[in-house]
Amino acid sequence: MSTAKATAGADKSAAATSEQYLTFMLAGEEYGVDILRVQEIKGWDKVTRIPHTPDYVLGVINLRGAVVPILDLRRRFGLETIEFGPTTVVIVVRVMSGPAERTVGVVVDAVSEVYNVDSADTKPPPDVCGTVDTIFVKALATIEEKMLILLDIDRLIGNSIGDELSPGVAAA
Amino acid sequence: MTTLDLEMAEIAKVFFQESREGLDAMESGLLSLGTTADTENINTIFRAAHSIKGGSATFGFAAVADFTHGVETLLDQMRNGVRPVTPEAIQTLLQACDCLREMVAATEAEQPFDKERIAALNADIAHILGEQPNQAPTPGAHGAAADPGAANELCGWRIVFEPVVDLLRVRNEPTRMFAELSCLGHFNARADVSRLPPLDELDPESCYLSWTIDIAGEVSRAKLDEVFDWVDSRCRVEITPTGSSPIAAGTAPGAPAAPAIAAASNDPKSAPADAPRGSALVSAPAQKAAGESGSIRVATEKVDDIINLVGELLITQSMLSGFADGIDTNDLDRLRQGLSQLARNTRELQESVMQIRMLPISFAFNRFPRIVHDLSRKLGKKVELKLLGEGTELDKTVLEKISDPLVHLVRNALDHGLETPDRRRAAGKHETGTLELAAFHEGGNIIIEVRDDGGGLNKPKILQKARERALVAPDQDLSDEQIDNLIFMPGFSTAEQVSDVSGRGVGMDVVRRNIHDLGGHVQISSKEGLGSTIRIRLPLTLAILDGQLVRVGKEIYVISLLAIVETIQVARERVNTLAGRTEVFRLRDEYLPVVKLCDQFGVEPDSRSATDGLLVVVEADGKRAGVLVDDLLAQQQVVIKSLESNFKPVSGIAGATILGDGTVALIIDVPDFIRAAVKRSGGAFTAHAA
């Protein structure tokens, strides 16, 4: 993974305000998650379905002895679904949900890059931000003339699993 | 936090843990003390208090140290035979133990203390000691080590010696003076190093130290003055007698005052020379080692990690075994041998690792002597507690969760079961009742029994109350055993008064629910006038389940073998449809609802007809149902993984497990499942007898 710099002159030590993001593609858009949250990246494999769960909860897998739920981000964001194939990627993240830590996998189209993002180069999201509910978007960043949508992965996962009150999470 | 702070915090954790254990040891020692002063016992209790005092002083937990000091003084008197061991003293000490526990917990959590309680207990202790209230001042935060018990003297002196900086230059040598003093009597000195400058500013010819010296023995004031004759008049020397008057605390910088004690022997053991910092902690482990049987504390997560890895190992091993079946060469035999050896090793490893989580039930039983002691006093009843089978082992999690229900059952037995001494005598029984807690293994389970020889359950009254509450139909006839077990119903209580101990009718059904949540079973049997026995059956471990694998379409599920009654192929004639929706089938003389897994879980099955698949008859909470599956697969022991740790609870699913091929299978929560099915059937099936 190459690490592209956000601005020409900035160097790694410069910013206490710069964070590293792992970016991935989803339906033509590039999203970023805090790299410190990313545990691993794996390929797509068979999943055990769980009843009484929303459609974006694909099921659970065995990750070295731990039972980890897998979420489909396309379905979560209400996007058109695609076939899973050999290039389909699952990003396993560790998120904070209250006092506890959760390990969850999300299915994305492809993994992109790791970027250093200076907070100076970020803007808060506008109220309407495409397909994603802005409550999940931490900020928008501009890198090499493209727009990165930086996600608040704790909120996104927490809400998807149904921690807070949210319409669309089916009750059993 | 500096590195030193972090280290200290780590060591402090050890101190807190050991203090808790020390307090437990003190408590159990005090409970078994009775009225005979068993020297060994008192010594154990004393040592525990001593360690806590030393450790807390080392860490600067002044309030804890001071409080423990008073406790320790009282214990010291007892062990020296100076003071008799009275029930009042024991009771006060027990309360002091409780208070100390709270203080330690408060210190650890950095919360404030209950000062009133501390003051009240201090007054009690002082009252017993028969002297003025203990004026032990704060041990200073300088280098002085915790002084465990300064000389308990009849005659003695305390000398505060603060020389001028130039003392050494005028050819006065403190060590010479100390040598002379030590010839006069037992000598103990503590140095105050607070005036020491940093090393680069230190002038080796200047004296920055001052001392507080205790001399024990028959020493006249005149002799002491002689020693200090040569000292420069500008030095401060204060000599006060110790013994009958309280020590002037203020002048001695950070010196813990010698407690004002009437008569005590000059016990050299209680006034060690300046102990190096941390010795209080060092001595504690040494003493503990004497009683310990070589064990270590391990974080539960580490054990769980190992269990996970062993699980993976098993999967790999079974994968390899699978490969071997397909190969056809001469080396195959050796390969097979190797693999079967691997299988054995791995299975043994798994069993050993599972054992790590097992703890003896004594951990749960340990709190009962105290509870019974306190409660019997409060209720005015005489009880003898017997603990049997304390070494019986069970899983740590089960152990933790069974503690509270047990406490409730014991309190119930004491409150309602056992009678007062008067009533017992009137009934021709010994006035001291017996309460037995017994644990033993039976089959793959652990059985815990709570037995009392009290009055037993009042069956007519229970039946009447149940009918009043419409829990039982007026014409329904119940067996004795069924009547007994009515007490487990919610809101049930025949107690005339609600005490703060029990009677609110909330307890027994919560107890039963908690035990059910653990996969266990509880029932009571009693004989009027003779007593009651409550029998709890629990699985040995929550982590493993004997399961039946079933297949519905492409999905595999696991049903606990304990829940399965039988599995049958249903004949067409035995199936009827109720109200066009629910299917029922006739099993001998009862009708059971058919629950289709495919419908409940939204899975595509091989067949939807009850007659094509197999029907697994399951039972939970007295209700039965037939679960329709496509096929029965193997029976195996599965390791239960929680779905909630990374996801959330799902109705009908108790957990997940990892099968031999590495895939995840869901474990069906039978009671939940049946409940949901009964609801779906539109109430067509109400429970037959709770």
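Sequences listed follow chains G and D, in order.
The first sequence begins at 6 in our numbering and counts up by one.
The second sequence begins at 572 in our numbering and counts up by one.
Note that beta-carbon positions come from the ideal geometry of N, C-alpha and C, so glycine has one too.
All figures in this text were calculated on a predicted structure; none of them were measured in a lab.
Own chain partners of residue i with C-beta closer than 8 angstroms, once the 5 adjacent residues on each side are dropped
{"i": "V98 (chain G)", "result": "V38, R42, V43, Q44, T108, V109, G110, V111, I158 and I162"}
{"i": "L153 (chain G)", "result": "Y26, T28, E35, Y36, G37, Y120, V122, L145, A146 and T147"}
{"i": "I87 (chain G)", "result": "R79 and D114"}
{"i": "A596 (chain D)", "result": "T615, I616 and A619"}
{"i": "L601 (chain D)", "result": "I616, I661, L664, L665 and C668"}
{"i": "I75 (chain G)", "result": "V52, V62, L63, G64, V65, I66, V95, V109, G110, V111 and V112"}
{"i": "P1220 (chain D)", "result": "L1214"}
Span of the beta strand (DSSP E), counted from its first residue to its last, around residue i
{"i": "N1147 (chain D)", "result": "V1146 to L1149"}
{"i": "V1129 (chain D)", "result": "E1126 to S1131"}
{"i": "Q1140 (chain D)", "result": "Q1140 (chain D) -> no beta strand (DSSP E), and no H or E assigned at all."}
{"i": "S1103 (chain D)", "result": "G1102 to P1110"}
{"i": "P1031 (chain D)", "result": "That residue, P1031 (chain D), is in no beta strand (DSSP E); its alpha helix (DSSP H) goes K1030 to E1039."}
{"i": "G64 (chain G)", "result": "V62 to L68"}
{"i": "I55 (chain G)", "result": "Neither: I55 (chain G) is in no beta strand (DSSP E) and is coded neither H nor E."}
{"i": "I810 (chain D)", "result": "R807 to T813"}
{"i": "R868 (chain D)", "result": "Careful: R868 (chain D) lies outside any beta strand (DSSP E) and carries neither H nor E."}
Other residues of its chain near residue i: CB distance less than 7 angstroms, five sequence neighbours each side excluded
{"i": "R688 (chain D)", "result": "C670"}
{"i": "D60 (chain G)", "result": "R80"}
{"i": "P1045 (chain D)", "result": "R1038"}
Of the listed residues the options, nearest to residue i (C-alpha basis)
{"i": "V1082 (chain D)", "options": "D:K1098, D:G1102 and D:I1107", "result": "D:I1107"}
{"i": "D875 (chain D)", "options": "G:R69, G:T127 and G:E35", "result": "G:R69"}
{"i": "A105 (chain G)", "options": "D:S1222, D:F1218 and D:G1226", "result": "D:F1218"}
{"i": "T813 (chain D)", "options": "D:Y779, D:M1079, D:V731 and D:E772", "result": "D:V731"}
{"i": "H57 (chain G)", "options": "D:D1170, D:T639 and D:L1230", "result": "D:D1170"}
{"i": "H1087 (chain D)", "options": "D:T1104, D:T887 and D:I973", "result": "D:I973"}
Rounded C-alpha distance that separates residue i from residue j
{"i": "I166 (chain G)", "j": "K1098 (chain D)", "result": "52 angstroms"}
{"i": "E598 (chain D)", "j": "L665 (chain D)", "result": "6 angstroms"}
{"i": "I818 (chain D)", "j": "A762 (chain D)", "result": "Annotation note: pLDDT 37 at I818 (chain D) (below 50); position unreliable, no value reported."}
{"i": "V675 (chain D)", "j": "Q648 (chain D)", "result": "24 angstroms"}
{"i": "T900 (chain D)", "j": "S911 (chain D)", "result": "17 angstroms"}
{"i": "D718 (chain D)", "j": "G1027 (chain D)", "result": "For D718 (chain D), the pLDDT reaches just 37, beneath the cut-off of 50, and the residue's location in the model is therefore unreliable, although a value from the coordinates is still provided. Taking the straight line from one Cα to the other gives about 56 angstroms."}
{"i": "L645 (chain D)", "j": "E673 (chain D)", "result": "20 angstroms"}
{"i": "I1239 (chain D)", "j": "L1120 (chain D)", "result": "10 angstroms"}
{"i": "N879 (chain D)", "j": "R1159 (chain D)", "result": "44 angstroms"}
{"i": "V808 (chain D)", "j": "L950 (chain D)", "result": "59 angstroms"}
{"i": "V1249 (chain D)", "j": "P1164 (chain D)", "result": "8 angstroms"}
{"i": "A1227 (chain D)", "j": "L1214 (chain D)", "result": "6 angstroms"}
{"i": "L770 (chain D)", "j": "T610 (chain D)", "result": "49 angstroms"}
{"i": "T1153 (chain D)", "j": "Y1162 (chain D)", "result": "12 angstroms"}
{"i": "H1092 (chain D)", "j": "R938 (chain D)", "result": "23 angstroms"}
{"i": "L956 (chain D)", "j": "G1025 (chain D)", "result": "13 angstroms"}
{"i": "E681 (chain D)", "j": "D637 (chain D)", "result": "18 angstroms"}
{"i": "L773 (chain D)", "j": "V736 (chain D)", "result": "12 angstroms"}
{"i": "E776 (chain D)", "j": "P655 (chain D)", "result": "54 angstroms"}
{"i": "T822 (chain D)", "j": "L738 (chain D)", "result": "Its pLDDT being 36, under 50, T822 (chain D) is placed unreliably by the model, and the measurement read from it follows with that caveat. Rounded to the nearest angstrom, the two C-alpha atoms are 20 angstroms apart."}
{"i": "K143 (chain G)", "j": "W49 (chain G)", "result": "27 angstroms"}
{"i": "E555 (chain D)", "j": "G641 (chain D)", "result": "This structure gives no information on residue 555 (chain D), because the portion of chain D shown stretches from 572 to 1261."}
{"i": "P658 (chain D)", "j": "H698 (chain D)", "result": "15 angstroms"}
{"i": "E24 (chain G)", "j": "S124 (chain G)", "result": "8 angstroms"}
{"i": "G103 (chain G)", "j": "S1216 (chain D)", "result": "12 angstroms"}
{"i": "I46 (chain G)", "j": "L1006 (chain D)", "result": "59 angstroms"}
{"i": "I1245 (chain D)", "j": "A1196 (chain D)", "result": "7 angstroms"}
{"i": "L1186 (chain D)", "j": "S1222 (chain D)", "result": "21 angstroms"}
Continuous alpha helix (DSSP H) stretch holding residue i: start and end
{"i": "A750 (chain D)", "result": "P745 to L755"}
{"i": "G1078 (chain D)", "result": "G1078 to D1088"}
{"i": "K1098 (chain D)", "result": "It is not in any alpha helix (DSSP H) - K1098 (chain D) instead sits in the beta strand (DSSP E) that spans H1092 to K1098."}
{"i": "F1059 (chain D)", "result": "Here F1059 (chain D) belongs to no alpha helix (DSSP H), and DSSP marks it neither H nor E."}
Contacting residues, own chain, Cβ-Cβ under 6 angstroms from residue i (five flanking each side not counted)
{"i": "R996 (chain D)", "result": "E1002"}
{"i": "I1058 (chain D)", "result": "M1079"}
{"i": "E964 (chain D)", "result": "M929 and P931"}
{"i": "I1018 (chain D)", "result": "F1011 and R1108"}
{"i": "L885 (chain D)", "result": "T917"}
For this session: List in chain order: all unbroken beta strand (DSSP E) runs of 3+ residues lying wholly within the segment 646-706 of chain D.
Result: Whole beta strand (DSSP E) segments, 3+ residues: zero.
For this session: Kindly provide the ranges of any alpha helix (DSSP H) runs that are 4 or more residues long and lie completely inside the segment 972-1023 of chain D, ordered along the chain.
Result: 992-997
For this session: List in chain order: all unbroken alpha helix (DSSP H) runs of 4+ residues lying wholly within the segment 934-978 of chain D.
Result: 939-950
Exercise. Considering only residues of the segment 86-149 of chain G, which uninterrupted beta strand (DSSP E) runs meet the minimum length of 3 residues and lie entirely inside it, listed in chain order?
Worked result: 94-102, 105-113, 115-123 and 142-148
For this session: Output the residue ranges of the beta strand (DSSP E) runs that lie fully inside the segment 1188-1231 of chain D and measure 3 residues or longer, sorted by chain position.
Result: Those beta strand (DSSP E) runs which fall completely within the segment 1188-1231 of chain D and span 3+ residues are 1194-1200, 1202-1210 and 1224-1229.
Problem set entry | Uninterrupted beta strand (DSSP E) stretches inside the segment 579-622 of chain D (no shorter than 3 residues) | none
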